[in-house]
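For reference, the structure is listed below as structure tokens.
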Amino acid sequence: MASLTIRKLDEAVKVYLRLRSAKNGRSVEEEVRVILGDLIQGRPLSPAALSQVIPPSGAPSRAPRRAADAREQARVTLIIGGGIAAYKALDLIRRLKERHIHVRCVLTRAAQQFVTPLSASALSNERCYTDLFDPASEFDAGHIRLARDCDLIVVAPATADLMAKMAQGHADDLASAILLAANRPILLAPAMNPLMWNNPATRRNAAQLERDGVAMIGPNAGEMAEANEAGVGRMAEPTEIAAAAERLLRPPQPRPLAGKRILITAGPTHEPIDPVRYIANRSSGKQGFAIAAAAQAAGADVILVSGPVDLDDPSGVTVKHVESARDMLQQVEASLPADIAIFAAAVADWRVANAGEQKLKKTGSGMPPLQLVENPDILATISKLGEKRPPLVIGFAAETEHLIDNARAKLARKGCDWIVANDVSPATGVMGGDRNTVHLLTRDGADINVDSWPVMTKEQVATELVARIASTVEKVS
Ligand SMILES: Cc1cc2nc3c(=O)[nH]c(=O)nc-3n(C[C@H](O)[C@H](O)[C@H](O)COP(=O)(O)O)c2cc1C
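Quick note on full-length UniProt numbering: the sequence shown kicks off at 1 and runs consecutively.
What follows is the structure, encoded as structure tokens:
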């Protein structure tokens with residue numbers, strides 16, 4: 001029977017095997033066995049899965065470093081040290097997972113006197129690592145991978161011994177080798193007897209580690225495991241450590257619009273012809289939804305009044321779904337007062353005055369005549385409100401010709417403060433597309449300033465617009 005040396009495999013194949021085995025919580029050898037078994041039973045590898053990790057030939061093969069942002073699952077390597085608080089590290093695994101943080105555990109030799117690798121694996125749903133000289137994980141320098149293939153390293157409990165080794169740069173076991181090889185942030189949760197914590201050696205080590213940029217949570221004051229002993233040395237609670245880890249993984253974003261209420265409209269309106277037919281336009285709602293999401297991320301309290309669209313409601317935003325222009329105006333008025341109103345919806349200018357109460361039927365006398373009447377002008381109505389007028393009213397001008405001239409005229413006619421003008425002629429692909437080229441018209445006394453932005457995604461336009469709003473609001477308040 002032939003044997004396979006994984007070390008000699010092509011680098012890209014090793015990357016694939018490593019990622020796949022880590023994902024499935026198996027050793028690389030086990031993963032190879034599963035793959036071979038699948039192939040023998042006629043279950044081929046998906047080419048899409050392979051192409052994600054195997055670059056085209058000639059391209060450098062390097063496992064991608066994933067950023068820890070809100071959209072992806074952040075990854076923590078949790079080093080459990082040999083202290084009495086090690087049992088709490090098992091709860092910490094659960095608290096991290098609750099926060100959608102993927103956990104991979106490393107146990108020191110001493111930690112295994114307090115908790116078992118099996119418990120840590122079962123709770124993390126991952127293989128647990130204990131040995132620096134483990135042929136199964138060290139064929140490709142697994143300690144370096146454990147140090148780098150994560151977004152944060154948490155040490156809990158961080159023993160006096162581990163802190164001393166870190167401060168001195170020791171690397172004689174898996175935990176200390178990972179910590180020395182790390183290029184990711186490190187969070188320590190020290191736990192030890194108060195005499196150990198207050199010992200000048202530990203004080204020196206803690207100070208050195210802080211100078212080295214290592215973050216710490218705790219220790220807290222309280223009762224010790226040892227009878228009749230109290231003082232500073234208790235490990236921070238798992239919930240505190242998980243919260244500190246999350247702050248490092250997902251630092252709070254600036255919230256320049258905190259406390260501001262922003263009303264946004266988006267999408268088309270549907271104007272009924274009869275109960276089953278309507279007049280609509282090509283607006284997708286993407287731009288208004290992107291603005292709502294950006295304003296929410298900037299800390300605003302956002303109300304989004306949306307016509308019929310095929311988009312998910314942005315999270316953290318209050319969404320009111322409407323059909324027609326008149327419904328939209330009603331919901332907009334009901335949502336006031338607001339500090340800022342942004343009218344990005346493509347509201348139908350006209351509706352059918354003689355909409356059928358029943359489905360219109362074909363008759364021998366030809367097409368039924370549709371009589372159109374003007375819809376309420378939501379932007380003008382809100383811009384001209386007295387007391388309830390939002391201090392900053394922004395309209396959108398979607399034009400197919402004479403863009404800037406039409407937008408200038410609209411700014412004056414409607415009485416709003418800013419206009420975001422965009423060319424929606426079919427060749428631009430803006431209607432329904434993902435990109436937008438806009439011009440921001442703002443009043444400057446009697447003058448109108450025109451700021452032309454380069455082509456951007458609708459999300460970038462939203463971020464830029466929200467940044468402009470934030471700086472204006474800051475200047476005014
Ligand atoms: C019962 C018991 C409890 C211990 N608790 C702690 C502790 O809470 N904190 C600490 O720093 N060391 C504690 N130690 C000492 C460590 O286990 C010892 O320093 C060990 O070498 C640490 O190894 P590690 O840092 O590789 O995990 C304890 C030892 C025993 C026997």
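Idealized CB from N, CA, C, for every residue including glycine. A quick note: this is a predicted structure, and the numbers were derived from the prediction, not measured.
- Non-local beta-carbon contacts of I84 in its own chain, meaning distances under 6 Å to residues more than five positions away in sequence, involve A225 in chain order.
- In the three-state scheme derived from DSSP, where H, G and I count as helix and E and B as strand, H402 is classed as coil.
- The closest CA to that of E399, considering only V424, D417, I419, is found on V424.
- According to the DSSP assignment, N198 belongs to the alpha helix (DSSP H) that extends over 194 to 198.
- Secondary-structure assignment with DSSP links E374 through a beta bridge to W350.
- Distances from the CA of Q296 to each of E387, E374, E459, I273 were compared; the closest alpha carbon is that of E459.
- At a Cβ-Cβ threshold of 7 Å, A189 and A156 count as neighbours.
- At the C-beta level, I342 and I404 stay beyond 7 Å of one another.
- Apart from the 5 residues on each side of it in sequence, A86 sits with its Cβ closer than 7 Å to the Cβ of I80, A111, F114, V115, P157 in its chain, given in chain order.
- With a beta-carbon spacing of about 22 Å, L336 and K410 fall beyond the 8 Å limit used to define contacts.
- Restricting attention to alpha helix (DSSP H) runs no shorter than 4 residues, the region 184 to 238 encloses them at 194 to 198, 200 to 211, ordered along the chain.
- Per the coordinates, the alpha-carbon of A298 lies some 10 Å from the alpha-carbon of I291.
- Remark: the shortest separation between the CB of G218 and any heavy atom of ligand 1 does not fall under 6 Å.
- In the three-state reduction of the DSSP assignment, G288 falls in the helix class, which pools H, G and I.
- Its chain contains T108, R109, L132 as the residues whose beta carbon lies nearer than 8 Å to that of D173, once the 5 sequence neighbours on both sides are disregarded; these appear in chain order.
- Annotation: M367 to S315 spans about 45 Å, alpha carbon to alpha carbon.
- In the three-state reduction of the DSSP assignment, I469 falls in the helix class.
- DSSP places V319 in the strand class (E or B) of the three-state scheme.
- The beta-carbon distance between G233 and A164, rounded to whole angstroms, is 15 Å. This is too long to meet the 8 Å contact definition.
- R104 is bridged by DSSP to T77.
- Restricting attention to V317, V302, A300, H321, the CA atom closest to the CA of D310 is found in H321.
- Residue state for R443 is assigned as strand, using DSSP reduced to three classes.
- DSSP places V424 in the coil class of the three-state scheme, outside both helix and strand.
- Taken atom to atom, the span from the alpha-carbon of E223 to that of A120 is near 26 Å.
- With a cutoff of 7 Å on beta-carbon distance, A242 and R104 are scored as not near each other.
- Under the Cβ criterion (8 Å, minimum of three pairs), the region 253 to 266 counts as touching the region 279 to 294.
- Here the alpha carbons of A171 and H102 stand approximately 25 Å from one another.
- Of the candidates T363, H143, R351, P390, the residue whose Cα lies closest to the Cα of I340 is P390.
- Here R261 carries a strand assignment [DSSP, helix/strand/coil].
- Within the same chain, Cβ atoms closer than 6 Å to the Cβ of A167 are found at N205, Q208, L209, the five residues on either side in sequence being excluded.
- With a 10 Å radius around the Cβ and a threshold of 16 neighbouring Cβ atoms, S365 comes out exposed.
- Burial check for G82: the Cβ neighbour count within 10 Å reaches 16 or more, so the residue is buried.
- Comparing alpha carbon positions, the residue from K361, V28, I186 closest to L78 is I186.
- By the neighbour-count definition (other C-beta atoms within 10 Å, threshold 16), L179 is a buried residue.
- Contact between K359 and P275 holds: CB atoms are separated by about 6 Å, below the 8 Å threshold.
- In this structure, the CA atom of E271 is about 9 Å from the CA atom of R326.
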